[in-house]
Structure formats: structure tokens, C-alpha cells
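Presented below is the structure to which this report refers.
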Amino acid sequence: MAKFYAVKKGQKTGIFQTWEECQIQVKGYKGAIYKAFASLQDAQNFLKDEIKENPNTTNEYETYAFIDGSFDVETFTYGSGIVIVDKGNKIVKKLANNNREIAELRNVAGELEAAKFVMNYALENKIKKIAIYFDYMGIAAWAKGDWQANLDYTKYYASFAKKIMQEVEIDFIKVKAHSGVSLNEEVDKLAKEAILDFKKGNFDKLSKKVKSDNYKKNDDFIFGQEKDLLEIEEMKTKKFKQESFFD
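Position one of the sequence shown corresponds to residue 1 (the numbering used here), numbered consecutively onward.
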């Protein structure tokens with residue numbers, strides 16, 4: 001009977017069809033986690049095990065991070081929510097932008113930007129090992145080469161992660177979205193707040209521009225000018241070619 005060998009933690013993670021292939025990934029690897037299954041589905045389920053509680057899974061790490069992403073379809077803005085716990089110190093970060101090429105990936109763009117921020121933080125602070133908790137499989141799959149990156153930005157992310165992982169050991173841990181894990185819920189909220197903050201910042205900039213161009217100063221007119229500018233940007237965005245982010 002055929003067997004499927006699932007390696008959750010080893011030189012390379014994934015599912016292997018022979019013990020010889022599996023052994024290469026786990027032999028000599030400290031803390032290797034692997035198991036043999038009679039069916040492919042069972043092996044896949046083993047790799048996709050999701051954490052249910054926060055404290056028990058993070059205790060083994062001095063430094064860990066939770067990340068999430070969000071997306072606003074009206075303005076093509078993506079947001080990132082990040083919480084890093086570094087030796088007991090909590091670092092909270094919100095990021096947002098509307099780079100059109102990256103925005104093709106919608107909320108995934110925010111998650112990838114968040115992952116990059118955490119990786120760079122670990123590198124700059126000379127952290128040797130960090131866990132990243134996420135709810136989108138591509139965060140780990142592109143970084144580890146389990147998924148082939150086809151878009152320019154996912155290729156860039158994969159290359160970026162590969163370079164960081166030469167210096168920093170990263171454990172990628174999937175969390176079920178909206179499952180009640182407190183820090184995962186927090187980063188979900190932060191990602192949405194990041195978009196609102198970004199939109200407000202752009203709105204304020206438009207207000208200053210309109211007022212500085214000797215336009216009529218009454219509030220109704222100013223709002224109309226701002227609305228026109230935003231609509232022009234939205235029209236440009238809608239013309240931008242959309243590609244699937246499912247590599």
C-alpha cells in the first residue's frame with residue numbers, strides 16, 4: 001500500500017511519496033516533525049493543522065509575530081496589521097498603500113507586506129529565530145518554495161524571504177481566520193484601521209491642494225473638487241489590468 005510522508009518541520013516541508021525522500025528532510029534536523037499516512041488527504045490535513053489557542057503555541061518563542069491584511073476595493077488600498085512580541089515587548093504596526101501593481105493581490109498584498117516587515121525587523125534586530133502566525137497559506141508557501149510565484153510581486157516576495165531566511169530561522173504557523181485567537185483578531189482590526197488612516201491622509205492632502213489653487217472656498221465646492229479628483233483616480237484604477245493572485 002502506498003504511503004504519504006508529511007514533513008511539518010524539517011530541511012524542507014511538504015508531502016513525499018517515499019521514505020527515502022522524507023528521510024533526507026528530517027535526518028539530523030533538530031525537532032523534526034513528520035508522519036506517514038495511508039491517504040494524501042490525511043497527509044494534507046496534518047500539514048494544515050491550525051492553532052486554536054494563542055498562549056500554548058507562542059511560549060516556545062522569544063520572538064513571534066501575528067500578521068494580517070485587508071483591502072478596500074473602492075480606492076484599491078491594501079492595509080497591513082502587525083503585532084510583534086519581542087522578549088515580552090509588544091510592538092504594534094499599521095501599514096497601508098495603493099501601489100497599483102501590488103494592489104492586484106488585494107488583501108494578500110497587505111499580508112505579504114506585513115510578512116516582509118516582520119522578516120526585516122528580525123534581520124535588523126539580529127534575531128536568530130522568529131515565528132510568524134498568519135492565515136493565508138501563500139505567506140509560507142511562496143517563502144519556502146512550495147508554491148511557484150508567477151506574478152512579479154510574488155516573485156519578489158519569494159526572493160526577499162529566501163534572502164532573509166539565510167540569516168533568520170522562521171517558523172511559519174497558520175492560524176484559522178476569525179477563530180478567536182486574540183492577537184490574530186487584533187491584527188485583523190489593525191489592517192482595517194491602516195486603510196482608514198491612509199484614506200483620511202489622502203483626503204486631507206486633497207483638501208490642502210484644492211484650497212491652495214485659488215478655488216472657491218466654501219465647503220460644498222471644496223468637497224466637490226475632492227470628490228472629482230477621487231473619481232478620476234478610481235477610473236484610472238479600474239482600467240488597470242487585473243490578474244489573478246492565485247499562483
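Ideal placement from N, C-alpha and C gives every residue a C-beta, glycine not left out.
Item	Value
Residues that Asp68 bridges to, as DSSP identifies them	Gly81
Inter-residue spacing [alpha-carbon to alpha-carbon] between Ala65 and Ile82	7 Å
Limits of the unbroken beta strand (DSSP E) element including Glu95	Going by the sequence as given, residue 95 is Leu instead of Glu. Per DSSP, Leu95 belongs to the beta strand (DSSP E) from 89–97.
Inter-residue CB distance, Ala191 and Gly79 (contact presumed, cutoff 8 Å)	4 Å
Start-to-end residues for the beta strand (DSSP E) that takes in Val181	Looking at the DSSP string, Val181 is not in any beta strand (DSSP E), and its letter there is neither H nor E.
Beta-carbon proximity check, Ala143 vs Thr63, cutoff 8 Å	no
Alpha helix (DSSP H) segment containing Phe46, residue limits	40–47
Beta-carbon spacing of Phe134, Lys174 below 8 Å	yes
Length of the line joining the Cα atoms of Asn184 and Phe37	31 Å
Other residues of its chain near Glu16: CB distance less than 6 Å, five sequence neighbours each side excluded	Per the sequence shown, residue 16 should be read as Phe rather than Glu. Within the same chain, Phe16 has close Cβ partners Tyr5, Cys22.
CB contact check: Lys129 to chain B, cutoff 8 Å	Checking the listed chains, one finds no chain B in this structure; it contains a single protein chain.
Contact set for Ala141: own chain, Cβ-Cβ below 8 Å, skip 5 residues either direction	Trp147
Range of the contiguous beta strand (DSSP E) that encloses Tyr133	129–134
CA-to-CA distance, Gln166 to Ser159, given in whole angstroms	11 Å
Terminal residues of the alpha helix (DSSP H) in which Asp152 lies	152–164
Beta-carbon spacing of Phe172, Ile139 below 8 Å	yes
Asp171 (DSSP reduced to helix, strand or coil)	strand
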